[in-house]
Amino acid sequence: DTAVSQTPKYLVTQMGNDKSIKCEQNLGHDTMYWYKQDSKKFLKIMFSYNNKELIINETVPNRFSPKSPDKAHLNLHINSLELGDSAVYFCASSQDRQGRAFFGQGTRLTVV
Amino acid sequence: GESVGLHLPTLSVQEGDNSIINCAYSNSASDYFIWYKQESGKGPQFIIDIRSNMDKRQGQRVTVLLNKTVKHLSLQIAATQPGDSAVYFCAENRGNMLTFGGGTRLMVKP
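Protein chains in written order, with our numbering: chain U, 119 to 230; chain S, 5 to 114.
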């Protein structure tokens with residue numbers, strides 16, 4: 119049973135397109151996150167949701183819009199994709215904001 | 005800005021030896037620390053954690069040491085195995101979110 123699952127695993131798309139990445143967790147956690155990992159493996163938080171409410175929005179272009187239809191899902195929509203958006207995006211969840219995070223397998227986004 | 009850890013260095017060890025991975029953090033208000041392991045093509049996996057009211061915690065073959073005086077965290081892996089080869093990250097939790105260090109790549113030589 120996959121605890122945090124995200125789809126797709128790979129995404130190759132052209133500049134200017136709009137794409138979405140989906141994430142679901144079956145752990146019953148209250149908090150979900152999106153992280154971006156660059157080519158140097160640096161992991162940076164983008165967004166955090168607690169009980170469907172946005173609680174953290176780091177310095178991220180407004181082309182990125184998270185959506186949480188319910189506590190178990192946090193999707194990431196990206197408009198007008200740019201070359202610099204190429205990275206691995208990780209979804210994660212935790213029981214609360216102070217707890218350890220469980221990560222999904224990642225979505226490798228390549229913008230060409 | 006504040007940062008945790010270093011840019012991605014590499015630690016190469018012989019199979020069977022002990023490994024020590026170090027991490028420096030900058031926020032003295034952080035109260036919870038986690039070590040993660042990331043294998044190629046996978047997401048970070050939890051290894052061990054420690055709260056700021058402790059200075060040592062042991063797991064199976066792993067030990068985390070916390071030195072709050074110098075804001076330093078280390079992960080010790082005993083009898084390193086080929087399956088331990090991965091990138092290791094320290095992370096600190098400052099109440100609302102995890103902030104990750106730059107990671108260390110561990111390579112195990114047979």
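For each residue, glycine too, the CB sits at the ideal point set by N, CA and C.
Note that this is a predicted model, so its numbers are computed, not measured.
Checklist entry - From this set, U/Gly224, U/Val229, U/Gln143, which residue's C-alpha is nearest U/Leu161's C-alpha? => result U/Gly224
Checklist entry - When you compare each of U/Cys141, U/Glu142, U/Arg215, U/Lys158 to U/Ile173 by their alpha carbons, which one comes out closest? => result U/Arg215
Item to check | DSSP three-state assignment for S/Gly5, whether helix, strand or coil | outcome: Below a pLDDT of 50, predicted positions are generally treated as unreliable, and S/Gly5, at 33, falls in that range; no measurement from the model is reported.
Checklist entry - S/Ser23 lies in the beta strand (DSSP E); which residues open and close that run? => result 23 to 28
Checklist entry - From which residue to which residue does the beta strand (DSSP E) around U/Thr228 run? => result 225 to 229
Checklist entry - Hey, does S/Gly5 have any beta-carbon neighbour from chain U nearer than 8 Å? => result With a pLDDT of 33 at S/Gly5, under the threshold of 50, the modelled position of this residue cannot be trusted, and the question is left open.
Checklist entry - Which residues, in order along the stretch 35 to 54 of chain S, keep a beta-carbon less than 9 Å from a beta-carbon of chain U? => result Asp35, Tyr36, Ile38, Tyr40, Gln42, Gly45, Lys46, Gly47, Pro48, Gln49, Phe50, Asp53
Checklist entry - From the DSSP output, which residues share a beta bridge with U/Ser212? => result U/Thr149
Checklist entry - Out of curiosity, what's the CA-to-CA distance linking U/Asp203 and U/Leu192? => result 19 Å
Next on the checklist: So, at 8 Å on beta carbons, what are the nonlocal neighbours of S/Gln49 in its own chain, with the 5 sequence-adjacent residues on each side left out?
Outcome noted: Tyr40, Lys41, Gln42, Glu43
Checklist entry - How would you list, in chain order, the residues of chain S whose beta-carbon sits under 8 Å from the beta-carbon of U/Gly222? => result Gly47
Checklist entry - Shorter than 8 Å from the beta carbon of U/Arg218 to some beta carbon of chain S? => result yes
Next on the checklist: Counting only C-beta atoms, is U/Ser186 closer than 8 Å to chain S at any point?
Outcome noted: no
Item to check | Contact with chain S by U/Lys189, beta-carbon distance below 8 Å | outcome: no
Checklist entry - DSSP puts U/Asn175 in a beta bridge; with which residues? => result U/Phe165
Next on the checklist: Quick check: what's the CA-CA separation for S/Thr67 versus S/Gln80?
Outcome noted: 5 Å
Checklist entry - For S/Ser32, which residues from the same chain have a beta carbon less than 6 Å from its beta carbon, with the 5 sequence-adjacent residues on both sides left out? => result none
Checklist entry - By Cβ distance, which residues of its chain are closer than 6 Å to U/Val206, with the 5 residues on each side in sequence left out? => result Gln155, Gly224, Arg226
Checklist entry - So U/Phe220 packs on U/Ala121, CB below 8 Å; how close in whole Å? => result 5 Å
Next on the checklist: Based on DSSP bridge pairs, tell me the residues matched to S/Asn97.
Outcome noted: S/Tyr36, S/Leu102
Item to check | Counterpart residues of S/Thr67 in DSSP-defined beta bridges | outcome: S/Gln62, S/Gln80
Next on the checklist: Quick check on S/Asn97: buried or exposed, where buried means 16 or more other Cβ atoms within 10 Å of its Cβ?
Outcome noted: buried
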